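Asks: Pasting a structure here, questions to come.
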Amino acid sequence: MALFTAIVIWLLALALLLPAWLGPWGFPEAITPLARQIDSRMTLTFILSGVIFLLSQFALGYAVLRFSRKREEAASYVTGNDRWEMLWTTGGLALFIGLSLASYSAWAEARFDAERHAEGDPNRLIVEVVAQQFVWNMRYAGPNGEFGPTDPQLIDDSMGNAVGVDRSHPMGADDLIVPRLALPVGRQVEIVLKSKDVLHNFFVPELRIKLDAVPGLEGRLRFTPDKTGTYEIACSELCGLGHYRMRAFMDVMEPAAFETWLVEQAQYLQ
Ligand SMILES: [Cu+2]
Numbered sequence: 006m007a008l009f010t011a012i013v014i015w016l017l018a019l020a021l022l023l024p025a026w027l028g029p030w031g032f033p034e035a036i037t038p039l040a041r042q043i044d045s046r047m048t049l050t051f052i053l054s055g056v057i058f059l060l061s062q063f064a065l066g067y068a069v070l071r072f073s074r075k076r077e078e079a080a081s082y083v084t085g086n087d088r089w090e091m092l093w094t095t096g097g098l099a100l101f102i103g104l105s106l107a108s109y110s111a112w113a114e115a116r117f118d119a120e121r122h123a124e125g126d127p128n129r130l131i132v133e134v135v136a137q138q139f140v141w142n143m144r145y146a147g148p149n150g151e152f153g154p155t156d157p158q159l160i161d162d163s164m165g166n167a168v169g170v171d172r173s174h175p176m177g178a179d180d181l182i183v184p185r186l187a188l189p190v191g192r193q194v195e196i197v198l199k200s201k202d203v204l205h206n207f208f209v210p211e212l213r214i215k216l217d218a219v220p221g222l223e224g225r226l227r228f229t230p231d232k233t234g235t236y237e238i239a240c241s242e243l244c245g246l247g248h249y250r251m252r253a254f255m256d257v258m259e260p261a262a263f264e265t266w267l268v269e270q271a272q273y274l275q
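Count along the sequence shown from 1, add 5, and you get the number used in our numbering.
Here you go:
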């Protein structure tokens, strides 16, 4: 009976782990150096915790096998072992703190540095992403490179002014507001994330980035896409009845194609 129990424990442990290892449930393709950095941390965490899980389950099976007795024979008890408890408590703590510290740079690069306006590429492309029930509006500064001022009074979705940009202002006249997030490949992007109404969440799985759009606050994200393609932007915060259809697309293009796209979009303004 003890052998049977031990074998069941070992097989269960393997059955839980192997599909995760061999199965098709990986992440979608990573398209930034940051995303690949996050993936390598995930893999490291997964391997470490997988090995620890297997070892502990193996030890459990071994203990069942080695120390099982008939009920009436169980005369002695083990009340604990301070040395072992110290060892695995500090070991676990060191592991968690170590992994967190090792991942800090990836986290800071995407979020904190952008929030503090620190050390961005001076040539980076800044795009304002304004969420509302149930669409995404992307605002580009236009040819003059400066965003115009906005005023809630000027918001007029039917006139294509979903963010209320002041078209009479010289900096605002050429601001583009479009439903797609077009980006040039290989150039740093800074997203300035806003919401007009309720909480939304900007999520592009291929970027491994997710950030809440909070009304009244500006969220900032930085990343550098290095693979062209079309990727889905999904709203990941339940934001109302139309939440399920709140999606847009991010097009990462060759720089020349991006410049052409910008010019084309600007023509619609006239
Ligand atoms: Cu939403």
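Backbone N, C-alpha and C fix where the C-beta goes; we use that ideal spot for every residue, glycine too. A quick note: this is a predicted structure, and the numbers were derived from the prediction, not measured.
1. Can you check whether the CB of residue 132 is closer than 8 Å to the CB of residue 142?
2. Assign residue 200 to one of two classes, buried (16 or more other C-beta atoms within 10 Å of its C-beta) or exposed (fewer than that).
3. I'd like to know if the stretch 229 to 242 and the stretch 157 to 172 are in contact, where contact means that at least 3 CB-CB pairs between them fall below 8 Å.
4. With residue 138 and residue 194 assumed to form a contact (beta carbons below 8 Å), what rounded beta-carbon distance in angstroms separates them?
5. Using only the alpha-carbon positions, how far apart do residue 310 and residue 95 sit?
6. Quick check: the Cα distance between residue 206 and residue 212, rounded to an integer number of angstroms?
7. Going by DSSP in three states, residue 69 sits in which element: helix, strand or coil?
8. So the candidates are 246, 130 and 108; which of them puts its Cα closest to the Cα of residue 44?
9. Considering only residues of the stretch 110 to 152, which uninterrupted beta strand (DSSP E) runs meet the minimum length of 3 residues and lie entirely inside it, listed in chain order?
10. So does residue 254 have its beta carbon nearer than 7 Å to some heavy atom of ligand 1?
11. Does residue 177 pass the burial test, meaning 16 or more other C-beta atoms within 10 Å, or should it be called exposed?
12. If distances are taken between C-alpha atoms only, which option among 182, 46 and 227 comes closest to residue 152?
Replies: Let me lay it out:
1. no
2. buried
3. The answer is no - the stretch 157 to 172 does not touch the stretch 229 to 242, with fewer than three Cβ pairs under 8 Å.
4. Cβ atoms of residue 138 and residue 194 stay farther apart than 8 Å, at about 25 Å.
5. Here the chain covers residues 6 to 275 and nothing more, so residue 310 does not appear.
6. 14 Å
7. helix
8. 108
9. 130 to 137 and 140 to 145
10. no
11. buried
12. With distances taken between Cα atoms, residue 152 lies closest to 182.
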